[in-house]
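Before any comments, here is the structure.
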Amino acid sequence: MKIKKPSTDKAMTVRLPADLAGQLDKLIQTTGRNKSAITVAALRHYLETESWQILDIEEGIAEADRGEFASASEVKSFFEKYGGLVDQKCAGSALASAA
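Mind the numbering: the sequence shown is residues 1 to 99 in my numbering, read in order.
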C-alpha cells in the first residue's frame with residue numbers, strides 16, 4: 001500500500017472572460033492536456049517574461065541613477081546604423097516632435 005504525500009500545490013480560483021475561457025477549452029480539447037497543466041505553463045511563461053522585463057528596467061534605472069547615458073553622438077550613430085530619425089538633435093526631441 002502506497003502512502004500518498006500531501007500536495008504542496010495551492011488551489012486557486014480565477015474568473016476568466018468568456019472568450020478566454022472558450023480559447024482555453026478549445027486548447028484543452030485540441031491538445032488533450034488538462035486545464036491546470038495549460039494554465040500553469042501559461043502563468044510560468046508570463047511570470048518569467050515579466051520578471052525579465054522588470055529586472056531589465058531596474059538595471060536601466062540604476063544605470064541612469066549613476067549617470068550612465070549615451071552621448072548625443074552615440075544616439076545619432078545608433079539611429080544612423082539601425083534606421084530611424086537622425087535629423088533631430090537627439091532621439092528624445094525626435095520622438096517628442098513626432099508625437
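Heads up, the beta-carbon is just placed ideally off N, CA and C, and yes, glycines get one too.
Quiz prompt | Own chain partners of T31 with C-beta closer than 8 Å, once the 5 adjacent residues on each side are dropped | solution = I38
Self-check item: Outcome for K10 when other beta-carbon atoms lying within 10 angstroms are tallied against a minimum of 16
Solution: exposed
Practice problem: Below 8 Å on the Cβ atoms is my guess for L43 versus K35; work out the distance and round it to an integer in Å. | Solution: Wrong, their Cβ atoms sit about 12 Å apart, outside the cutoff.
Quiz item: Mapping DSSP to helix, strand and coil, what is S51?
Solution: helix
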